[in-house]
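I have placed the structure first, in the form of structure tokens, so that the comments after it can refer back to it.
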Amino acid sequence: MSLKDSVAQLTPSLLEMRRDFHRHPELAFQEFRTSAKLAEFLQSLGLEVTTGIAQTGLVARLKGHKLGKTVLVRADIDALPIHEATGAEYASQTPGVMHACGHDGHAAIAAHVAAAFVGMRDQIEGEVRFVFQPAEEIVSGARPMVEAGVLEGVDAVVGLHLNSQLPAGMVGVRPGPSMAAADAFTLTVRGRGTHAAMPHMGVDTVVIASHIILALQTLVSRETDPVNTSVITIATLTAGDGAHNIIPETAELKGTLRTFDPVLRERLIRRIEELSKGVASAMGGSVEIAWLRGSPVVVNDAAMTERFRAIARSVVAEDKLLETPPVMGGDDMAEFLLRRPGVYFWVGAGDPASGKDKPHHHPGFDIDDEKALPLATELLAKAALEFLH
Ligand SMILES: [Zn+2]
Ligand SMILES: [Zn+2]
Numbered sequence: 507m508s509l510k511d512s513v514a515q516l517t518p519s520l521l522e523m524r525r526d527f528h529r530h531p532e533l534a535f536q537e538f539r540t541s542a543k544l545a546e547f548l549q550s551l552g553l554e555v556t557t558g559i560a561q562t563g564l565v566a567r568l569k570g571h572k573l574g575k576t577v578l579v580r581a582d583i584d585a586l587p588i589h590e591a592t593g594a595e596y597a598s599q600t601p602g603v604m605h606a607c608g609h610d611g612h613a614a615i616a617a618h619v620a621a622a623f624v625g626m627r628d629q630i631e632g633e634v635r636f637v638f639q640p641a642e643e644i645v646s647g648a649r650p651m652v653e654a655g656v657l658e659g660v661d662a663v664v665g666l667h668l669n670s671q672l673p674a675g676m677v678g679v680r681p682g683p684s685m686a687a688a689d690a691f692t693l694t695v696r697g698r699g700t701h702a703a704m705p706h707m708g709v710d711t712v713v714i715a716s717h718i719i720l721a722l723q724t725l726v727s728r729e730t731d732p733v734n735t736s737v738i739t740i741a742t743l744t745a746g747d748g749a750h751n752i753i754p755e756t757a758e759l760k761g762t763l764r765t766f767d768p769v770l771r772e773r774l775i776r777r778i779e780e781l782s783k784g785v786a787s788a789m790g791g792s793v794e795i796a797w798l799r800g801s802p803v804v805v806n807d808a809a810m811t812e813r814f815r816a817i818a819r820s821v822v823a824e825d826k827l828l829e830t831p832p833v834m835g836g837d838d839m840a841e842f843l844l845r846r847p848g849v850y851f852w853v854g855a856g857d858p859a860s861g862k863d864k865p866h867h868h869p870g871f872d873i874d875d876e877k878a879l880p881l882a883t884e885l886l887a888k889a890a891l892e893f894l895h
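Here the sequence shown is numbered in the numbering used here, starting from 507 and rising by one per residue.
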């Protein structure tokens, strides 16, 4: 049976699994049910399954009849703290938790690639290692899986992200940097509280925080080469307790840094700290900075991207295959791609006609699973086979 035919045969099970995961979403590191369902499914296929890696992650190994290379197929499995508003028949049954990024689809797709491969063992040279990682949404699941050794002996990695902003039937990929490095920081500004009518008696943290916010805008606009893409955003400013007449002792700023260039990333991390501290001290206050170092840049291997394109052309028409622009969003698939060559590609899953075009992380997010999932499964399977050779 051809791969396409076996995917067609598996499609009812593929959709059922995605919708089951959709009904029962689980937050980062709480994916116990999802993980158990995947383990049960993969064990029933005869794969060698290891559970409890990075708490709720699992690995399933499919060994071919011949020796060869090892390809890692990665899927993320976590949901988001969002209350679903799709009204879908398969909507979340857990209030406040929702698969609003498509990871329900990713888990079902990778599991069904394994199912499609079971009958093809005689054609598989080497090992296909399926890695289901928790906690992508808090950028914390990939690193502990890598530390647990899931990359040992791996020659290449491959994975995909469904994309509601691309119509179902389309495929996107680009060589090189594809998704940004994402870091988060918290700045705590300290001054001296006082009566709002006597500012000279204190050190005003609200004014210092305001100067810091404006000064930080110059790091990208004045200190960074305009063609070297980066973003600094202050997303939260907290100061005071609602009074009209008190200058608060502290103010807190929370923000994100997005970069593609590792040298620029380190420079901006240093400059955010220097500039904030300089502004605060010049104004009589001080600043403490705490970093949450996120995932590095998602970088696709150029030669493997070319091989993936050839695979994609055998599955979809030329005009359905796009070179997608880089995005400032991050993904901890980067942790695998940092250590092994590979490809992370987009599979279109949107359908504007039926309202399935909401952005990721939106309470109305949904995907055209009937169209997108079989195509994604075939592409991922073909890419894994290609990289085994
Ligand atoms: Zn997401
Ligand atoms: Zn995602």
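Idealized CB from N, CA, C, for every residue including glycine.
Suppose the cutoff is 8 Å on Cβ atoms and the five residues either side in sequence are ignored; what does the same chain contact list for residue i look like?
{"i": "Pro705", "result": "Ile753"}
{"i": "Thr742", "result": "Glu758, Leu759, Lys760, Gly761"}
{"i": "Leu666", "result": "His612, Ile615, Tyr850, Phe851, Trp852, Val853, Ala882, Leu885, Leu886"}
{"i": "Ala534", "result": "Asp584, Pro640, Ala641, Glu642, Glu643, Ile644, Ser646, Gly647"}
{"i": "Ala823", "result": "none"}
On the premise that residue j lies in contact with residue i, defined as a C-beta separation below 8 Å, what is that separation, rounded to the nearest angstrom?
{"i": "Val853", "j": "Asn669", "result": "7 Å"}
{"i": "Val805", "j": "Leu693", "result": "Not a contact, Cβ separation roughly 29 Å."}
{"i": "Asp689", "j": "Gly800", "result": "5 Å"}
{"i": "Leu520", "j": "Pro880", "result": "7 Å"}
{"i": "Leu844", "j": "Ile630", "result": "No, Leu844 and Ile630 are not in contact; Cβ-Cβ is about 27 Å, not under 8 Å."}
{"i": "Gln599", "j": "Thr562", "result": "The Cβ separation is near 19 Å, so there is no contact."}
{"i": "Ala887", "j": "Phe638", "result": "The pair is not a contact, with the Cβ atoms about 16 Å apart (cut-off 8 Å)."}
{"i": "Tyr596", "j": "Arg539", "result": "No, Tyr596 and Arg539 are not in contact; Cβ-Cβ is about 15 Å, not under 8 Å."}
{"i": "Leu564", "j": "Val555", "result": "6 Å"}
{"i": "Pro683", "j": "Pro832", "result": "6 Å"}
{"i": "Gly856", "j": "Asp874", "result": "7 Å"}
{"i": "Ile911", "j": "Glu892", "result": "There is simply no residue 911 to check, as the chain begins at 507 and stops at 895 in what is shown."}
{"i": "Thr517", "j": "Val679", "result": "Actually they are not in contact, since the Cβ atoms of Thr517 and Val679 sit about 23 Å apart, beyond 8 Å."}
{"i": "Pro587", "j": "Gly602", "result": "6 Å"}
{"i": "Glu729", "j": "Arg777", "result": "7 Å"}
{"i": "Ala674", "j": "Lys877", "result": "4 Å"}
Taking the alpha helix (DSSP H) that residue i falls in, what are its first and last residues?
{"i": "Phe538", "result": "538-550"}
{"i": "Val713", "result": "711-727"}
{"i": "Ala581", "result": "Ala581 -> not in any alpha helix (DSSP H); beta strand (DSSP E) instead, spanning 572-582."}
{"i": "Thr557", "result": "First-last for Thr557: 554-559, but that is the beta strand (DSSP E), not the alpha helix (DSSP H)."}
{"i": "Ala514", "result": "509-529"}
{"i": "Ala808", "result": "808-819"}
{"i": "Leu843", "result": "840-845"}
For residue i, which residues of its own chain have a beta-carbon under 7 Å away from its beta-carbon, when the five flanking residues on both sides are left out?
{"i": "Gly620", "result": "As written in the sequence, residue 620 is Ala, which differs from the Gly given in the question. Around Ala620: Leu548, Leu551, Leu553, Ala566, Leu568, Phe636."}
{"i": "Glu884", "result": "Leu509, Lys510, Val513, Val821"}
{"i": "Met676", "result": "Lys826, Leu828, Gly854"}
{"i": "Gly699", "result": "Gly708, Ile752, Ile753, Pro754, Glu755"}
{"i": "Gln663", "result": "Position check: residue 663 holds Val in this sequence, whereas Gln was assumed. Cβ neighbours of Val663 beyond the five flanking positions: Leu578, Arg580, Phe842, Leu843, Arg846, Gly848."}
{"i": "Gly558", "result": "none"}
{"i": "Lys862", "result": "Ser670, Gly856, Asp872, Ile873, Asp874"}
{"i": "Ala715", "result": "Val695, Leu743, Ala745, Ala757, Leu759"}
Please list, in chain order, all residues of the same chain as residue i whose beta carbon is under 6 Å from its beta carbon, the five residues on each side excluded.
{"i": "Gly870", "result": "Ala591, Thr592, Lys864"}
{"i": "Met834", "result": "Ala686, Val737, Arg764"}
{"i": "His605", "result": "His528, Pro531, Ala585"}
{"i": "Gly790", "result": "Val709"}
{"i": "Val785", "result": "His717, Ile718, Ala721"}
{"i": "Glu758", "result": "Thr694, Thr744"}
{"i": "Asp838", "result": "Glu642, Val645, Ala648, Ser801"}
{"i": "Val726", "result": "Ser736, Ile738"}
{"i": "Ala542", "result": "none"}
{"i": "Asp661", "result": "Lys575, Thr576"}
{"i": "Leu618", "result": "Contrary to the premise, residue 618 reads as His rather than Leu in this sequence. Here the set comprises Leu516, Leu520, Thr883."}
{"i": "Ala545", "result": "Val555, Thr557, Leu564"}
{"i": "His868", "result": "none"}
Based on DSSP bridge pairs, tell me the residues matched to residue i.
{"i": "His866", "result": "Partner(s): none; His866 has no beta bridge."}
{"i": "Leu568", "result": "Val634"}
{"i": "Phe871", "result": "Its beta-bridge partners do not exist; DSSP assigns none."}
{"i": "Thr562", "result": "Paired residue(s): none; Thr562 is not in a bridge."}
{"i": "Thr700", "result": "Ile753"}
{"i": "Val833", "result": "Met685"}
{"i": "Met604", "result": "Leu586"}
{"i": "Gly822", "result": "Rather than Gly, the amino acid found at residue 822 in this sequence is Val. DSSP, once it has assigned bridges, lists no residue as partnering Val822."}
{"i": "Val805", "result": "Pro683"}
On the DSSP letters alone, give me the boundaries of the beta strand (DSSP E) that residue i sits inside.
{"i": "Glu892", "result": "Looking at the DSSP string, Glu892 is not in any beta strand (DSSP E); the run it does join, the alpha helix (DSSP H), is 875-894."}
{"i": "Ile795", "result": "792-798"}
{"i": "Glu829", "result": "827-829"}
{"i": "Ala585", "result": "Premise fails: Ala585 is in no beta strand (DSSP E) and is neither H nor E."}
{"i": "Ala855", "result": "848-856"}
Would you say residue i reaches chain C, if we count a Cβ-Cβ gap shorter than 8 Å as a contact?
{"i": "Ala594", "result": "No chain C appears in the structure shown, which is made up of a single protein chain."}
If you scan the segment 615-696 from start to end, which runs of the beta strand (DSSP E) of 3 or more residues do you find wholly inside it?
List check, beta strand (DSSP E) in window: 631-639, 662-673, 677-679, 682-685, 687-696.
So within the segment 727-789, which uninterrupted beta strand (DSSP E) runs reach at least 3 residues, ignoring any that extend past its ends?
Counting only runs of 3+ residues, the beta strand (DSSP E) found wholly inside the segment 727-789 occupies 736-745, 756-765, in chain order.
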